[in-house]
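Presented below is the structure to which this report refers.
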Amino acid sequence: MVGIKSYGAYIPRYRMNHNTIFMAVAFLGTFPPPGENAVANHDEDTLTMAVAAGIDCVSGMKREAVDGLYLATTSQPYMVRQNSALVATALDLQSNIRTADFVGSTKSGTTALLSALDTVKGEMSSNILVCASDCRLSKPGSPQESLYGDGAASLLVGSDDVIATFEGSYSVSYDFPDRWRASGEKFEHAWEDRFIRDSGYSQFISEVISGLLKKYNLNIKDFTKIVYPGLYAREHGAIAKRLGADPGQLQDTLLSTVGDTGSASPLMMLIAALEDAKPGDKILVTSFGNGGDALFFQVTEKIESVANKRAVKKHLNSKKDLASYEKYLAFRNLAPMDLGMRGEMSMRTPMSALFRERKVVLALCGSKCKKCGTPQYPYQRVCVNPDCGAIDQMEDYRFSDKKGVVFTYTGDNLAASIDPPSVYGLVDFDGGGRYWFDFTDCDLDSVKVGMQVEMTFRRRYVDESSGVHGYSWKATPIRA
Amino acid sequence: MAEGIKDKVAIIGMGCTKFGELWDKSAEDLMVDAFKECIEDAGIEKKDIDAAWFGVHFEEQSVGKGATPLSLTLKLPFIPVTRTENFCATGTEAFRGACYGVASGAYDVALALGVEKLKDTGYGGLPGGPNLLGTKSALINPKLTAPGAFAMMATRYFAVYGLNPEEGKRMLAKVSVKSHYNGARNPKAHLRREVTEEQIIKAPIIAWPLGLFDCCGVSDGSAAAIVTRADMAKKFRPDPISVKALQIALSSGEELMYTKWDGAHVETTYRGGMRAYKEAGVKNPREEISMAEVHDCFSITEAVTMEDLQFSPRGKVKEDIEAGRFNHDGPQPIQPDGGLKCFGHPIGASGLRMLYEMYKQLQGKAQLPERQLKNPKLGLTHNLGGFPPMNIVSIAIIGL
Numbered sequence: 038m039v040g041i042k043s044y045g046a047y048i049p050r051y052r053m054n055h056n057t058i059f060m061a062v063a064f065l066g067t068f069p070p071p072g073e074n075a076v077a078n079h080d081e082d083t084l085t086m087a088v089a090a091g092i093d094c095v096s097g098m099k100r101e102a103v104d105g106l107y108l109a110t111t112s113q114p115y116m117v118r119q120n121s122a123l124v125a126t127a128l129d130l131q132s133n134i135r136t137a138d139f140v141g142s143t144k145s146g147t148t149a150l151l152s153a154l155d156t157v158k159g160e161m162s163s164n165i166l167v168c169a170s171d172c173r174l175s176k177p178g179s180p181q182e183s184l185y186g187d188g189a190a191s192l193l194v195g196s197d198d199v200i201a202t203f204e205g206s207y208s209v210s211y212d213f214p215d216r217w218r219a220s221g222e223k224f225e226h227a228w229e230d231r232f233i234r235d236s237g238y239s240q241f242i243s244e245v246i247s248g249l250l251k252k253y254n255l256n257i258k259d260f261t262k263i264v265y266p267g268l269y270a271r272e273h274g275a276i277a278k279r280l281g282a283d284p285g286q287l288q289d290t291l292l293s294t295v296g297d298t299g300s301a302s303p304l305m306m307l308i309a310a311l312e313d314a315k316p317g318d319k320i321l322v323t324s325f326g327n328g329g330d331a332l333f334f335q336v337t338e339k340i341e342s343v344a345n346k347r348a349v350k351k352h353l354n355s356k357k358d359l360a361s362y363e364k365y366l367a368f369r370n371l372a373p374m375d376l377g378m379r380g381e382m383s384m385r386t387p388m389s390a391l392f393r394e395r396k397v398v399l400a401l402c403g404s405k406c407k408k409c410g411t412p413q414y415p416y417q418r419v420c421v422n423p424d425c426g427a428i429d430q431m432e433d434y435r436f437s438d439k440k441g442v443v444f445t446y447t448g449d450n451l452a453a454s455i456d457p458p459s460v461y462g463l464v465d466f467d468g469g470g471r472y473w474f475d476f477t478d479c480d481l482d483s484v485k486v487g488m489q490v491e492m493t494f495r496r497r498y499v500d501e502s503s504g505v506h507g508y509s510w511k512a513t514p515i516r517a
Numbered sequence: 003m004a005e006g007i008k009d010k011v012a013i014i015g016m017g018c019t020k021f022g023e024l025w026d027k028s029a030e031d032l033m034v035d036a037f038k039e040c041i042e043d044a045g046i047e048k049k050d051i052d053a054a055w056f057g058v059h060f061e062e063q064s065v066g067k068g069a070t071p072l073s074l075t076l077k078l079p080f081i082p083v084t085r086t087e088n089f090c091a092t093g094t095e096a097f098r099g100a101c102y103g104v105a106s107g108a109y110d111v112a113l114a115l116g117v118e119k120l121k122d123t124g125y126g127g128l129p130g131g132p133n134l135l136g137t138k139s140a141l142i143n144p145k146l147t148a149p150g151a152f153a154m155m156a157t158r159y160f161a162v163y164g165l166n167p168e169e170g171k172r173m174l175a176k177v178s179v180k181s182h183y184n185g186a187r188n189p190k191a192h193l194r195r196e197v198t199e200e201q202i203i204k205a206p207i208i209a210w211p212l213g214l215f216d217c218c219g220v221s222d223g224s225a226a227a228i229v230t231r232a233d234m235a236k237k238f239r240p241d242p243i244s245v246k247a248l249q250i251a252l253s254s255g256e257e258l259m260y261t262k263w264d265g266a267h268v269e270t271t272y273r274g275g276m277r278a279y280k281e282a283g284v285k286n287p288r289e290e291i292s293m294a295e296v297h298d299c300f301s302i303t304e305a306v307t308m309e310d311l312q313f314s315p316r317g318k319v320k321e322d323i324e325a326g327r328f329n330h331d332g333p334q335p336i337q338p339d340g341g342l343k344c345f346g347h348p349i350g351a352s353g354l355r356m357l358y359e360m361y362k363q364l365q366g367k368a369q370l371p372e373r374q375l376k377n378p379k380l381g382l383t384h385n386l387g388g389f390p391p392m393n394i395v396s397i398a399i400i401g402l
């Protein structure tokens, strides 16, 4: 049976309380509801979060078995240069795989999932990793600012050992102009909220769920959990009532803890539902955006063997309050900040070198000496072990999934950074290998020699002069 | 079996500009100033110079590539001029080239001149830029600065030897107090103010745990030397200074990428030092080296260098620092001219600046009576270019 084999998620460490936003932009007449949003760090974006969710999803599995990667988002950094191919490279997937970007609508997450299920059903691929991720830029003071949160969800679709079987789907599509962003524009435009709620949200979700129930001759009460985004809290409950569902069937929308994560939102809620699911549970997942998709899953006994996923729960509990709205603006490059002249020296990416070194730079791969067994980063042709020194006796070795310990570190106030001090240090990897890396998602005071760290894929720089978003790996304290 | 350089080459003249933030001086001005003092000291004319070696590191900030900046500025008459660049060992590399040039018999008289004009960048600290360590590093390395890279050695030293941050910072503060004392008494030094341990400890943090006074000056300056074969030296002056050892050691990659290096010392300094002592015939460096100018780009660098050069036992430098061993009136004065810390650090000139101080001290001509050390016999200079896990170390020993 085709279905979901594994799940993973990513929620950034920073949360911004809506009150922080309110205090900053209340003069504009913005009154956000209570709660907080997950806020990407300055070195995170859609792709870094997609990679993090993907790692959570495939952890403990053979990555060689993954033969497709579908990325869903509405906030992709590149319009040309396939974002999913970049994510697949960072995940160190094989090159003989199918990659595709699903963009332009917040329903793209479920559409990518449906496409993956179809692809596997059609026996065109065996294991497709679906990553849905959004890190949307909101205009300061806009309603979206407190509504949108940053995060990513990932599901591995396959036909064996599934934890939830795919039972059916129903879709509706409308050119619904609730929100739009034309090519080249930085911020979204939005029509009046009441129009979005009454003509879109409430209508489409009811329509797509009713359509699914009718198509498969189901009753809403058949579902253990019903997942659909909660853009409007009161209407979220009202839809369920009209459909005849009990409030207890509704999956928490994560709206006041993470925010609306766009294309990732329904999948993240599905993952949260799977975290609590029991064999036999039926789960209905619905997206909203230019219509919507409804998908129906049934949980299998395999659910009980899922282990070591951070998914939604662990990420929710691992957080740090971002108390400064000004810092948030700086992180998003929404207010020009002085980094000093040192900060004005930008990186000009040599693309041919980046492609040549893609495994080293984007996948954090080094080499392991076949003669003495020493792992080394970056890839070396001459073994670094002084007692070995073998030449060209190397095999590829991936460091991104290795943990390590802090060998030494500093917090640098001279280095240009939007979030000084710049923390970096040397990491000794479990199993061998040492290199220096930037550290992220940590406070200088919390870093200690000998502390355990893991590696995280991050945005290194944005070179606006040549339109390049540069990425590499950083070390971070073990998250959750 | 190689014989080494000992007593084959002598320094017959040296020059060194005042170091500092010399807004009114170009790199070319500094080169002329150092050269003028140098040939006057040697008692020679430009036409006596057979070949020259020219050291500059951040050429893009000042003179540009190649060695023509030296030949054009000094109007050298179509003689061979070679540019050297090896991070902070650049000046010593120029000196090494000149020494080997005359030692080989290819030339009678050679010039080594180093210069750096750092204060045309518009910001504090050394010139930066993502490509300092090459294209691949620019794509994967942390955004390192020099203070950050050396701060990591302090963090590590504290951890390896069980010093809490307060103890560690106090040990390092004493290093800087001494250098400021010496710099304050040196008219050519960049930073000429004495500071207290408390001032140092309370100063703003540049890169944890290093504060402002743990970092050396970023300066403009130039220094030069004229060398000749030892057998000719007395023709030029009665008190030539003999070259006893010239060594250079470079990281093999194992510090950064293998896991055996302890991070609390600099392997190249230790290895280079061992070779230099062998070349010079020094058996007990703690007793035989009268004085040294070492690469105190940061206070921690000087501290570990004392151990790597075997002036202090491993892990015990704190005791020597506390006992005042390296003070101007101590048994083994270090940085008598103020060091990089206070004399300043124009990269390409620093190695030659250190030699200038050793040369003058050995000749008993340290300008002011209160600066002159008592009867030094052997002086050592040490440069560390790059970062503790990947670097170039140059060591020179000169003596009477």
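Heads up: the protein sequence lines correspond to chains A and B, in order. Our numbering numbers the first residue of the first sequence as 38 and each following residue consecutively. Our numbering numbers the first residue of the second sequence as 3 and each following residue consecutively. Quick reminder that beta carbons are idealized off the backbone N, C-alpha and C, glycines included. Just so you know, these numbers come straight off a predicted model, no measurement behind them.
- Contact check between the segment 317 to 326 of chain B and the segment 43 to 58 of chain B: fewer than three CB pairs, one atom from each, fall below 8 Å, which does not count as touching.
- Residues of the same chain with a CB within less than 8 Å of the CB of B/Thr271, apart from the 5 flanking positions on each side, are Ala251, Val306, Thr307, Asp310, Leu311, His384, Leu386, Val395 and Ile397 in chain order.
- At least one CB of chain B lies nearer than 9 Å to the CB of A/Thr386.
- In the same chain as A/Val397, and ignoring 5 residues on each side of it, the C-beta atoms closer than 8 Å to its own belong to Gly403, Tyr414, Pro415 and Tyr416, in chain order.
- Going by C-alpha positions, A/Thr147 is about 12 Å away from A/Val194.
- Here B/Cys217 carries a strand assignment [DSSP, helix/strand/coil].
- If you ignore the 5 residues before and after B/Ala232, its C-beta comes within less than 7 Å of the C-beta of Asp9, Lys10, Val11, Ala12 and Ser244, all in its own chain and listed in chain order.
- Counting only runs of 4 or more residues that sit fully inside the segment 400 to 468 of chain A, no alpha helix (DSSP H) segment turns up.
- In the three-state reduction of the DSSP assignment, B/Ser106 falls in the coil class.
- Closer than 9 Å to the CB of A/Asn422 there is at least one CB belonging to chain B.
- B/Ala209 has A/Asp449 and B/Leu212 as its beta-bridge partners, per DSSP.
- By the CB criterion at 9 Å, B/Leu364 and B/Lys343 fall outside the cutoff.
- When the beta-carbon positions are compared, B/Pro144 and B/Gly136 stay at least 9 Å from each other.
- Ranking A/Ser239, A/Ile242 and A/Gly281 by CA distance to the CA of A/Asn256 puts A/Gly281 first.
- Interface residue (Cβ-Cβ distance to chain B less than 9 Å): A/Phe368 is not classified as such.
- The beta carbon of A/Val103 is closer than 6 Å to those of Leu130, Asn164 and Leu166 in its chain, skipping five residues each way along the sequence.
- Taking the Cα of B/Gly170 as reference, the smallest distance to any Cα among B/Pro348, B/Ser28 and B/Ser301 is reached at B/Ser301.
- A/Gly328 is classed as buried because its beta carbon has at least 16 other beta carbons within 10 Å across all chains shown.
- Look at A/Asp449: its C-beta is under 9 Å from a C-beta on chain B.
- In the displayed model, A/Ser210 falls within a strand according to three-state DSSP.
- Spatial neighbours of A/Thr337 in its own chain (CB-CB distance under 7 Å, excluding positions within 5 residues in sequence) are listed in chain order as Val199, Ile200, Ala201, Thr202 and Pro316.
- In the structure shown, A/Arg369 falls within a coil segment according to DSSP collapsed to helix, strand and coil.
- By the beta-carbon neighbour count (other beta carbons within 10 angstroms, threshold 16), B/Val111 is buried.
- The beta carbon of A/Gly248 sits closer than 6 Å to the beta carbons of Tyr207 from its chain, once the five residues preceding and following it are set aside; these are given in chain order.
- Counting only unbroken stretches of 4 or more residues, the alpha helix (DSSP H) elements lying wholly within the segment 233 to 259 of chain A are 239 to 252, in sequence order.
- Put simply, of B/Gly353, B/His192 and B/Lys176 the residue whose alpha carbon is nearest the alpha carbon of B/Gln201 is B/Lys176.
- For the pair B/Phe89 and B/His347, the Cα-to-Cα distance works out to about 12 Å.
- Taking CB atoms only, A/Glu229 has no neighbour in chain B less than 9 Å away.
- Rounded to whole angstroms, the Cβ separation of A/Leu84 and A/Tyr508 is 7 Å, and the two are in contact under 8 Å.
- Comparing alpha-carbon positions, the option among B/Gly341, B/Val229 and B/Ile207 lying closest to B/Gly17 turns out to be B/Val229.
- Its Cα nearest to that of A/Glu81, the residue A/Ile48 stands out among A/Leu106, A/Ile48, A/Arg100 and A/Phe59.
- A/Asp82 is outside the set of residues whose beta carbon lies under 9 Å from a beta carbon in chain B.
- Within the same chain, His273, Thr290 and Leu292 come within 6 Å of A/Gly267 by CB-CB distance, once the 5 residues on both sides are set aside.
- Put simply, the backbone Cα of B/Ser139 is about 41 Å away from that of B/Lys362.
- Judged by DSSP secondary structure, A/His506 falls within the beta strand (DSSP E) whose first and last residues are Val505 to Pro514.
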